[in-house]
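Shown next, in structure tokens, is the structure this report addresses.
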Amino acid sequence: MSLQISNLSKSYGRIRALSDVSLAVHPGAALGIMGVNGAGKSTLLNCICGFATPDAGAIELGGRGLGGQRPDLVSRAGIGRTFQVPRSFRSLTVLENLLVVPSRGESPGVRLDRAHHALEKVRLATLADNYAGELSGGQQKLLELARILILEPKVVLFDEPLAGMHSDLCRVFLDEVDEMLSRSVAVMLVCHDPGILYRLARDIVVLHEGRVLSSGSPAAVRNDPAVIEAYLGVQH
Amino acid sequence: MTSLMTGAIVNAVALGILYGLLGLSLTIVYGAMRIANLAHGEMVLAGSYVAYVVTTKLGYSPVVAIPTAFVLLFVLALALFAVAGRRLLAARDPEMASFLFFYGVSLMVASGLLFLFDADARSVIFQFQPLSYRVLGLVIPKARVVAVGVALLLVPALFLFLYRTTPGKALRAAVMNRDALRIVGVDVERLSLVAFSVSAGIAGVTGVLLALVFPAFTPFSGLDYTITGFVVIVLGGLGSPLGAVLGGMLFAFSEQLTTLWIGQSAGVLAGFLILVLVVAIRPAGLIGQAEWKS
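If you're matching them up, the sequences are chains C and Z in order. Residue numbers for the first sequence follow my numbering, so the first one is 267 and each next one is one higher. Residue numbers for the second sequence follow my numbering, so the first one is 5 and each next one is one higher.
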């Protein structure tokens, strides 16, 4: 199922955080979102997830409009998200963090099995009974990933998923993303690190001051003079 | 240990568990919704008046008043939430908006009770058989035993709900991070509705139990309960159920023992002095750091 963003705009007071942004994320493909601080990446994710209401434009999942819906309804529609700073429930156990995800009608035993399976996949099974607050930052990111696995969304939005993560944990994360892509999940990856995006993303959109500065294949974006200027400045 | 001291300790335990219950119901709604329910004391008081009507006016046992108060306050809270709950949650500053809104509600409830029952102090008139028990040389009224017994059933039941059921865990999760809960598909508004209604229902039951222990109340007694409730949850740690119970115990013990050693008026003062000390030393409350941990 594709996520289609059309002419999305959002302002906070006089600050135009997003201006006429259009992009699409397709099943089985990863779309990378690049941009310096203040480029509008977080606002874009917040608009998609329902934490911010767009001023104009459309957000469609499989042709169904999502703009302005509450985050829980966006989630139930099939969009999952992680946060740049992981948002775990610190005083619940690692396992309980997964069990608060609403049931989809399965029995408690099946839910428990699915939760354990998700923890095994992200290598947190041995920490199931620890409090989430006791995990390292990287492990908390993997816990968010496990929550995504439980939700089984059609589209996943990752916000700086590898920032500050140990290389071993990065590998676990990247393996899971590869598996998601093989299951035809659409992935949007917001990341500062061009190397990660060049490895994972089929296409990249570069945001700059709320606008789409460049888009296309990693090779095309890498060689786009506008991107080079925005990231490295102009050589006089 | 003198019989006076034993009596003070027994009283402190009885009051502590009731104060704990009062704080527990308040902390559920504050923790889950970040709503400062200034009308919580009036909800408790409404429970006391339910006990008054059920026993004194209708002649039933106070035990009948317990489910009656729960259901009545639960339904009233549902209606109140339908009117204002969603708007308060959506406010830019929910704490300030709810503070002002519930201050208005508290004044309305107090005025309504004044209109219905006049300003005179009311009591619940009932007779348990036997009237009292004699334990270790102390005479303990059966009404107090019943009140404490019900509270001792309710507190663990609430803990079981919060720590062993999925909705309870979701409520605790809402305290920790509402956005993370919403993004996994939990309807936080519906959860808040449950929290608010259950909190009001428990407040009503607490009112019945307090009416058994402190038989006289007026339409203006609500503010005292609100203040006690907030003191208890700040002492224990905002949003912490276990903290509410510990805070209730600490407040009751300081009040009762100071009353014994110094005098009645010093008893109330001692509770607030303890609050100032705890907040000065541990601003997050007794177990604020470990909030909502099992």
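We put the CB at the ideal spot given by N, CA and C, even for glycine.
By DSSP, does residue i sit in helix, in strand, or in coil?
i, result
"Z:LEU19", "helix"
"Z:ASP183", "helix"
"C:GLY482", "strand"
"Z:THR170", "helix"
"C:ASN431", "A small fix is needed here, since residue 431 of chain C is Met in this sequence, not Asn. Three-state result, C:MET431: coil."
"C:LEU390", "coil"
"C:PHE355", "coil"
"C:SER288", "strand"
"C:GLY375", "helix"
"Z:ILE291", "coil"
"Z:ALA95", "coil"
"Z:TYR64", "coil"
"Z:SER298", "Only weak support exists for where Z:SER298 lies, its pLDDT of 41 falling under 50; the value from the coordinates is given anyway. DSSP places Z:SER298 in coil when its eight states are reduced to three."
"C:ARG330", "strand"
"Z:ALA81", "helix"
"Z:ARG194", "helix"
"C:ARG336", "coil"
"C:ARG282", "strand"
"C:THR319", "coil"
Check for me: the alpha helix (DSSP H) holding residue i runs from which residue to which?
i, result
"C:SER415", "The sequence as given places Leu at residue 415 of chain C; Ser does not occur at that position. That run of the alpha helix (DSSP H) goes 403 to 417."
"Z:GLY233", "226 to 240"
"Z:THR262", "245 to 265"
"Z:TYR53", "44 to 56"
"Z:VAL188", "No alpha helix (DSSP H) contains Z:VAL188, which DSSP labels as neither H nor E."
"C:SER308", "307 to 315"
"C:GLU400", "Counting along the chain, C:GLU400 falls outside any alpha helix (DSSP H), and DSSP gives it neither H nor E."
Who are the Cβ neighbours of residue i in its own chain at under 6 Å, not counting the five residues just before and after it?
i, result
"Z:TYR107", "LEU42"
"C:LEU289", "ILE271, VAL471"
"Z:ALA270", "THR262"
Quickly, what does DSSP pair residue i with across the bridge? List them, please.
i, result
"Z:SER136", "Z:PRO145"
"C:ASP425", "C:VAL456"
"C:ARG477", "C:HIS474"
"C:ILE462", "Note: C:ILE462 sits in no beta bridge, so no partner."
"C:GLY298", "C:LEU455, C:ILE470"
"Z:PHE221", "Z:ARG126"
"C:ALA324", "C:SER272"
"Z:GLY208", "DSSP, once it has assigned bridges, lists no residue as partnering Z:GLY208."
Answer with buried or exposed for residue i, where buried requires no fewer than 16 other C-beta atoms within 10 angstroms of its C-beta.
i, result
"Z:MET100", "exposed"
"C:ASP425", "buried"
"Z:ALA220", "exposed"
"Z:GLU295", "With a pLDDT of only 46 at Z:GLU295, under the threshold of 50, the placement of this residue in the model should not be trusted, and no figure is reported."
"Z:ALA94", "exposed"
"C:GLU372", "exposed"
"C:PRO491", "exposed"
"C:ASN363", "buried"
"Z:ALA161", "exposed"
"Z:VAL87", "exposed"
"Z:LYS173", "buried"
Between which two residues does the beta strand (DSSP E) holding residue i run?
i, result
"C:SER275", "269 to 278"
"Z:ALA284", "Where Z:ALA284 is concerned, there is no enclosing beta strand (DSSP E), although the alpha helix (DSSP H) it sits in stretches over 268 to 285."
"C:GLY346", "345 to 347"
Who are the near neighbours of residue i in its chain, counting only those whose CB is closer than 7 Å to its CB and skipping five residues on each side?
i, result
"C:LEU390", "VAL360, GLN405, LEU408, LEU409, ALA412"
"C:THR309", "LYS276, ALA283, LEU284, ALA318"
"C:ASP321", "SER275, LYS276, SER277"
Quick one: residues in its chain with C-beta nearer than 8 Å to the C-beta of residue i, no 5 flanking neighbours on either side, listed in chain order?
i, result
"Z:PRO66", "ALA55, VAL58, THR59, VAL128, PHE130, ALA147, VAL150, VAL212, ALA215, LEU216"
"C:PHE349", "GLU410, ASP425"
"Z:LEU158", "LEU25, ILE206, VAL209"
"C:ALA324", "GLN270, ILE271, SER272, ASN273, LEU274, GLY331, GLY333"
"Z:ALA16", "MET253, ALA256, PHE257, GLU259, GLN260, LEU261"
"Z:THR31", "ILE237, GLY240, LEU242, GLY243, SER244, PRO245, GLY247, ALA248"
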